[in-house]
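A quick write-up on the structure given underneath.
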Amino acid sequence: MWITVRNHIQKMYKPNTKKNLSQKDNQFIVVFGNGDIMKPVHTNEDYVKVMLQDSISVFLFTGFGCSDCVGMDTIIAHIQPKFANVSFYKVERDELSDLCRDLGVMSVPSFIAYRDGHEISRYVTPFRKTEQEVMDYVAMTVEKEYGNAKI
């Protein structure tokens, strides 16, 4: 039901306005303007450009029709403020299927983190991930790279 509401609300705003609607406990989180929680990656070139950044880049791989992926926007929205030195990106498996195959991402939702072009961690399982599990994964990644997790 909430997807229908999301689609209706998204149609009410200009196409260039960032719309990100998520659900947690029947409450909606709406992010407008430049406050992107996760920036979408649409090309292999964009993926490479982001993974070469000096800071930690965490990619969330999702899939169309993946019920476990739906809640990831809300989870990232909740944990992102705790990790100021981490950027979050979203890759749609169906849009970049060759890239996902090359990376070994066969199940979604999954995460891969990079820094300076090197993979530093990965969380690839076919199971639903809780907010605590995702936060622990990001904290472990930050601690591995910087020596201290900012939680």
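By full-length UniProt numbering, the letter at position 76 of the sequence shown is numbered 76, and the numbering carries on one by one without gaps.
C-beta atoms are modelled at their ideal positions from N, C-alpha and C, and glycine is treated no differently.
Quantities reported herein were computed from a predicted structural model and do not represent experimental measurements.
Cβ-Cβ separation between Glu145 and Ile75: approximately 21 Å, too far for a contact (criterion under 8 Å). Restricting attention to Asp116, Ser121, Pro126, Asp98, the CA atom closest to the CA of Ser107 is found in Pro126. Apart from the 5 residues on each side of it in sequence, Val134 sits with its Cβ closer than 7 Å to the Cβ of Ile75, Ile79 in its chain, given in chain order. The beta carbons of Tyr89 and Phe59 sit about 5 Å from each other, so the pair counts as a contact at 8 Å.
For the options Leu99, Arg128, Pro109, the alpha carbon positioned closest to that of Glu45 is the one of Leu99. In the three-state scheme derived from DSSP, where H, G and I count as helix and E and B as strand, Pro109 is classed as coil. Excluding the 5 residues flanking it on each side, Tyr123 has same chain C-beta neighbours closer than 7 Å at Ser110, Phe111, Tyr137, in chain order. For Ser97, the enclosing alpha helix (DSSP H) stretches over residues 97-103.
Assignment of Pro126 by DSSP, reduced to helix, strand and coil, places it in the coil class. Burial state of Leu52 is exposed, judged by a 10 Å Cβ sphere holding fewer than 16 other Cβ atoms. Between Val91 and Val41 a beta carbon distance of about 5 Å is seen, short of the 8 Å cut, so the two are scored as contacting. At least 7 Å separates the beta-carbon of Ala77 from that of Ile120.
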